[in-house]
């Protein structure tokens, strides 16, 4: 399994060409942003290898199978690495080195060394600081109304914008359709999240659309953005500048040195200038980020923008299931009990609509709804392509903070989704996988028992018999064995004829 754990950005970068990646890595802001998104052990590996020569990082490549089809990399490093690594040192280190190789951050066959393009840009970012590396100009002169709007409503406005897009997908209506751009509608169709409009003009969500709704916020945003970049590439547009610009914005939102020395305000309350020198595609991309809620522009004529807290979700990646979620989730609303009852402390129609895809809702009050994880409701979710792991991940990602407060008070581990409930959801999924479908050929209407048993002996000896019924003289064989039976039958017929 990949160490990226399905993280869309890193999976996307792994599929890019070396030239494409080197163009991105040449930017100090981008190199630092990607570093922050990597798993912690990969970050430590990069920091260690930044200052080591290739000889100290030599790798021994050995065959793990006689056929040589699978290669195992054993990293021979100095002994101190075992002190800061996990017990299964070689296995874990190998997986992280392999992941960094796919990103072309680590290069070389017999030596493990940092890509010089990435190394130079990363060290440059740490030397000059991200304020210069990002090349974002801070605006200090703006009116009081704009300042209050940035300080008070920035996070709320950002969430409203993103939920407006999710509303269009989960609860399609004429009102929700007015809240999204034509680009978003086209993106959802090209990504397969919505189907073509039906005869009555309604938008229909697809199986992929349901799965998109169950992703955590970080994966949702990255999935959307990567589909956007793909759509741009199909149109013949070079997306490297836009990708560079996006990661530059992220760097500006996460590091305190973006501001001048005399500006102590957090990044979210600082305005950044929309430069006239920016190319038109970047300005158009900026307006699209505004629609997503990643930036806030009060009025287009102002000429500046704010970075929203939603931008931080670009790096909120879960590489572990329970611990990371509990440490950062403060907006959860779901409590799951061992009796399969689900309590949703929210009045959001969007959140309730997503929850109802796999939950049978029983009661609804002003600020709280009650449902149950029934077999029928969960199986309905499976029928539209949702997996058990996605349901469990959604419930964990949206667990109410009270769950983790109890864990802190008790000093132990309390699972946000009870183990019995999670196991039962997986068992319900396994019920649908008890039968395996194969294409096959059925033989019947034999003229005699001798003919039937003669063919049965042949197909049994060939290992192509799937099922037989002696009473009704029926044989079911594999699709691949059908040609073998025809050949055998012709030979038998010709012998009998001669």
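Numbering (full-length UniProt numbering), first residue to last: 1 to 498.
For each residue, glycine too, the CB sits at the ideal point set by N, CA and C.
Taking residue 124 as the centre and dropping the five residues before and after it, the same chain places the C-beta of 28 closer than 6 angstroms to its C-beta, in chain order. Selection 368, 230, 49, 485 evaluated against residue 106 yields 49 as nearest (Cα-Cα). According to the DSSP assignment, residue 224 belongs to the alpha helix (DSSP H) that extends over 217-234. In the DSSP assignment, residue 352 falls within the alpha helix (DSSP H) that extends over 349-355. By the beta-carbon neighbour count (other beta carbons within 10 angstroms, threshold 16), residue 248 is buried.
By the beta-carbon neighbour count (other beta carbons within 10 angstroms, threshold 16), residue 362 is exposed. In the structure shown, residue 195 adopts coil according to DSSP, grouped into three states. In the DSSP assignment, residue 371 is bridged to 342, 361. Just measuring C-alpha positions, the residue of 431, 428, 128, 472 sitting nearest residue 449 is 472.
Linking residue 214 to residue 417 through their CA atoms gives a straight-line distance of about 15 angstroms. In terms of Cβ geometry, residue 334 and residue 398 form a close pair [threshold 7 angstroms].
Your pair residue 32 and residue 118 does not check out as a contact, with CB atoms roughly 10 angstroms apart and the cut at 8 angstroms. As computed with DSSP, residue 296 is found in a beta bridge with 306. Between residue 8 and residue 162, the C-beta gap is not smaller than 7 angstroms, which leaves the two residues out of contact. In the structure shown, residue 471 falls within a coil segment according to DSSP collapsed to helix, strand and coil.
Counting other Cβ atoms within 10 Å of its Cβ, residue 457 stays below 16 and is therefore classed as exposed. For residue 476, the secondary structure class from DSSP, reduced to helix, strand or coil, is strand.
With a 10 Å radius around the Cβ and a threshold of 16 neighbouring Cβ atoms, residue 385 comes out exposed.
With fewer than three CB-CB distances shorter than 8 angstroms, the segment 234-253 does not count as touching the segment 38-47. DSSP, reduced to helix, strand and coil, places residue 387 outside both helices and strands of the structure shown, so it counts as coil. Around the beta carbon of residue 219, 16 or more other beta carbons sit within 10 angstroms, so the residue counts as buried. The beta carbon of residue 226 lies closer than 8 angstroms to those of 8, 9, 12 in the same chain, with the five residues before and after it left out.
Going by DSSP, residue 333 is part of no beta strand (DSSP E) at all; its letter is neither H nor E. Take residue 135, set aside five residues on each side of it, and no residue of its chain has a beta-carbon closer than 6 angstroms to its own.
For residue 481, the number of other beta carbons within 10 angstroms of its own is at least 16, and it is reported as buried.
For residue 138, the closest of 274, 17, 186 by C-alpha to C-alpha distance is 274.
The Cβ atoms of residue 229 and residue 271 lie no closer than 7 angstroms to each other. Classified as buried, residue 354 has 16 or more neighbouring CB atoms from the shown chains inside 10 Å of its CB. Ranked by Cα distance from residue 93, the first of 356, 242, 43 is 43. Counting along the chain, the unbroken beta strand (DSSP E) around residue 273 starts and ends at 271-273. In the three-state reduction of the DSSP assignment, residue 466 falls in the strand class, which pools E and B. Residue 113 sits in a strand when the DSSP states are folded into three classes. The secondary-structure analysis by DSSP pairs residue 441 across a beta bridge with 477.
Contact check for residue 21 against residue 96 fails: the beta carbons are separated by 7 angstroms or more.
Around the CB of residue 486, fewer than 16 other CB atoms lie within 10 Å, so the residue is classed as exposed. Per DSSP, residue 27 is not a residue of any alpha helix (DSSP H), being assigned neither H nor E.
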